[in-house]
Structure formats: C-alpha cells, structure tokens
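S.K.: Chains as they are written, first to last, in the numbering used here: chain A, 1 to 262; chain B, 263 to 426. For every residue, glycine included, the Cβ atom is placed at its ideal position computed from N, Cα and C.
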C-alpha cells in the first residue's frame, strides 16, 4: 500500500515517463516535499527496468566497441589539450593586461610593489619554469623603468615654465588592489624644524587615512614609497598637511596641497 | 570508474553492451539508430561516471533505464527529458553476468506473458514506445483512468512476481 493513494496511479505513469500535463505538474510538486513517494518512485522505476531487462536481441555489431573506444580516446585527448591551452592563455592575458592598461605611473607602481614582493614571487615562479623566465625578464624591464624615480641617488629635475615662479607640485600614483602608493613631490617649501608634511588618502567614505610623512630635501623634492595602507581603500583624493615630525593620525588644517584622480 | 580511465570503458562495455543495445533496438527498431544510442550511453557514462552511485542499486538496471529513456527521446525526436543524473533505480539483483541476466529476462518474460493482454499492451506502449497515458487511451479507445490503473497494476505484478 503506497503512502499516498491518490498519487499512486500517477506515480506509476511518471516512473515510465508516461505522465503529462497538469497531473504531472501536480505530482512533481508533491514529490518535491514527499520522500516516501520519491522512494516509491524509485521502486517503480526499478520495476520498469525489469521490462528493459526482459528484452533479448542480437548482440551489437563488433565494430561498435572499437568505435566507442576511439571516441573516448579522442575526447580524452581533446580535454587535455583544452586544459593546457586554458592555463597558458590565462597566465599570459593577466600579464599583458597589466601593461596594456597601465599608464607609466601604474607600471612604476607595479614595479615597486613587485620589488617589495620579490621573495614571494620567486617562490611562486619557481613552480613554473617557463613562466619564470618570461616573467623574470619583464620584471627586469620594469625595474629599469622604475629605478630613476625611486632610487635616492637619482637626479631629480623639475622643469617649470620660465614665466612663473616654481610651484609646489606632487604626483601620487595609487594602486588600490595592491595597496601600493608612490608619491613624488617637487618644489616643496622648506619647513620649520620639527615639522613635516603628511600625505593623506581621502577615502570615498570615512576619515582621511595617513599615507606617509616626508620632509623635502634641499631642492624641495620628496618621495614617499609604499607606506602601509589598509587593503582596498578607495581613494577619492589625496591631500597634504603640515604636521609635527612624528606625523598625526588625523589631519591638522589647513590643507596645503590636494588633488583628485585624473 | 574514474573519469578518463579508458580501459574501464571497455570492461563496462563488454559487460553491459548487450543489454543497452537490446533495449535500444527494441525501442527504435533500427540497428543504426540503436548503435548510435549505444555509443551515446557509454560515452555519457565515461564523461560523467559520478552520475551512477553504486550504493543505490544495479548498474545494469540503471543503464537499461537510461538507454530506454534516450531511445524514446530519439524515437520521438525530443530533447532528453531527464538528466542522466536524475535516474535512481534500486533493483536488487545486479544482473551483471550474462547468466544472471538471461535468468532474469526469462522470468520477466514469463510474468509478462501471464499478464492479461490489455495490461501487457499498455505497459509495452508506455515503456517501449514512449507513449503518454493519453496517447495510449486514444490508441486503445479506453478511458484515461483505466489506462492509469492498468499500468500501475502491471508494474505491481512485475514487482511481486520478481520478488517472489
């Protein structure tokens, strides 16, 4: 005796895929919440299988076996080729994606952050020799590009219009998803002793985030490279204030320099 | 069978191809079409061996049901109605060996021939011709309710007699 007599006939039909229309919809709805009927359905399908098993007939032609094995071998080969291709393509794409998108600033930032992550990268790259060679070469190229900007011994020349006196200027290059920041300043006015400039990341929401304390050199130039920053901070703007040498956790007005993204 | 294990496909084929082919041929009545279904069923199994859970019953019975479903779909030129994974069949005997299967086949044939003809016909129409209950009613001129009852009674009779 089936648990739900009103469905019993329909279950049998359903087991043979012979139930249609609203009867079928109603039964499927019932089955969704009735494990007993689902079990009975399994039983009935098994009973139907007996019908299938009762069938006798000629054996399949001999060539069918080889045809199957050939098809399987072909698919297996295609699968491993596809897997290999997908791996190479995705690796290459992500690298060239960087270079394609990057303005010079982003390239430099990337190089700087790679510089810092050198040890980690070497370990990862060691696992893929071909990738390592390619990536290492590109890394060298980037290092060469970044070096003049970052190295303390590099000469800094600021070109300004002859008509107006030199204005303080700062450029910030920020890579959110790597929390990488490079800031370069020129013509910064000298500060009284025990004072320093502080750079701030102005997020879309929330208080300004400290992004490095710096003092200009004798020529008014300064650099800030990869200060500690919270992950994925969305920058609306950057600003500079004058603070005590040790830096501050929140900006002291007035803001002396500011810029939003280009 | 692990996916990609090509040797295993050969072994399963040797064991179950006759069931699969026989069912396909019975439904389709055409050797070429039956061979295509045979190919498709084993390829599907190789692609997705996880579809069959051996804890749930007999692989032979499962293959027979899959084959019958695929063959019916081909016969009626339908898209496959059920996913290969959806079918869970719990039939006690494994029927792996030829001998087991012959014995079981004979037993079932005996039960079928002992059945009242209208009951047997309704079962076969539904099972091997993939007709819906309304189509069977239309063809036999019998009321819908009668067809439903007959099919259910037929399956019950098969179950009882086989378990006996």
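1) Is the distance from the Cβ of residue 50/A to the Cβ of residue 370/B below 7 Å?
2) Around the C-beta of residue 219/A, are 16 or more other C-beta atoms found within 10 angstroms, so that it is buried, or is it exposed?
3) Is it buried or exposed, residue 354/B, if we count other Cβ atoms within 10 angstroms and call 16 or more buried?
4) In three-state DSSP terms, what is residue 213/A?
5) Quick one: measure Cβ to Cβ for residue 415/B and residue 398/B, integer angstroms, because I've assumed they're closer than 8 Å.
6) So residue 199/A packs on residue 229/A, CB below 8 Å; how close in whole Å?
7) Quick check: is the beta carbon of residue 53/A nearer than 7 Å to any beta carbon in chain B?
8) What is the rounded straight-line gap between the Cα of residue 39/A and the Cα of residue 11/A?
9) Checking 7 Å against the spacing of the C-beta atoms, do residue 235/A and residue 179/A come in under that value?
10) Excluding the 5 residues preceding and the 5 following residue 290/B in the sequence, name in chain order all residues of the same chain whose CB lies nearer than 8 Å to its CB.
11) Can the beta-carbon of residue 239/A be found less than 7 Å from the beta-carbon of residue 258/A?
12) Over what stretch of residues does the beta strand (DSSP E) that includes residue 33/A continue unbroken?
13) Would you mind sorting residue 366/B into buried or exposed? The rule is 16 or more other CB atoms within 10 Å of its CB.
14) According to DSSP, is residue 163/A part of a helix, a strand, or is it coil?
15) What does a CB cutoff of less than 8 Å around residue 45/A pick up in its chain, not counting 5 residues either side in sequence?
16) Can the beta-carbon of residue 303/B be found closer than 7 Å to that of residue 271/B?
17) Select from 321/B, 424/B and 408/B the residue whose C-alpha is nearest the C-alpha of residue 9/A.
18) If you drop the 5 nearest sequence neighbours on each side, which residues of the same chain put their C-beta closer than 7 Å to that of residue 396/B?
19) Which chain A residues are close to residue 377/B, counting only those with a beta carbon under 9 Å from its beta carbon?
20) Would you please state the rounded distance, in angstroms, between the beta carbons of residue 233/A and residue 209/A? I believe it to be under 8 Å.
21) The beta strand (DSSP E) spanning residue 229/A covers which residue range?
22) Could you have a look at residue 390/B and say whether DSSP puts it in helix, strand or coil?
23) Roughly how many angstroms separate the alpha carbons of residue 388/B and residue 81/A, rounded to a whole number?
M.R.: With the given structure in hand:
1) If you check the CB distance, residue 50/A and residue 370/B come in under 7 Å.
2) Exposed, since its Cβ has fewer than 16 Cβ neighbours within 10 Å.
3) Only weak support exists for where residue 354/B lies, its pLDDT of 49 falling under 50; the value from the coordinates is given anyway. Exposed: under 16 other Cβ atoms inside 10 Å.
4) Here residue 213/A sits in strand by DSSP.
5) Incorrect: roughly 14 Å between the Cβ atoms, too far for contact.
6) Residue 199/A to residue 229/A, Cβ: 11 Å. No contact.
7) Yes, contact with chain B.
8) For residue 39/A and residue 11/A, the gap between their C-alpha atoms comes out near 11 Å.
9) Result no, Cβ atoms of residue 235/A and residue 179/A do not sit closer than 7 Å.
10) Answer for residue 290/B: 296, 299, 333, 336 and 337, listed in chain order.
11) Cβ atoms of residue 239/A and residue 258/A: closer than 7 Å.
12) From DSSP, residue 33/A is part of no beta strand (DSSP E); its letter is neither H nor E.
13) The residue is buried, with at least 16 neighbouring Cβ atoms inside 10 Å.
14) Coil, per DSSP.
15) The beta carbon of residue 45/A lies closer than 8 Å to those of 15 in the same chain, with the five residues before and after it left out.
16) Contact flag unset, no.
17) Measuring from the Cα of residue 9/A, the nearest candidate turns out to be 408/B.
18) Excluding residues within five positions, the ones whose Cβ falls inside 7 Å are 406.
19) Within 9 Å Cβ-Cβ: nothing; residue 377/B doesn't reach chain A, min ~11 Å.
20) Correct: roughly 6 Å between the Cβ atoms.
21) Bounds of any beta strand (DSSP E) do not take in residue 229/A, whose DSSP letter is neither H nor E.
22) DSSP places residue 390/B in helix when its eight states are reduced to three.
23) If you take the alpha carbons of residue 388/B and residue 81/A, they lie about 44 Å apart.
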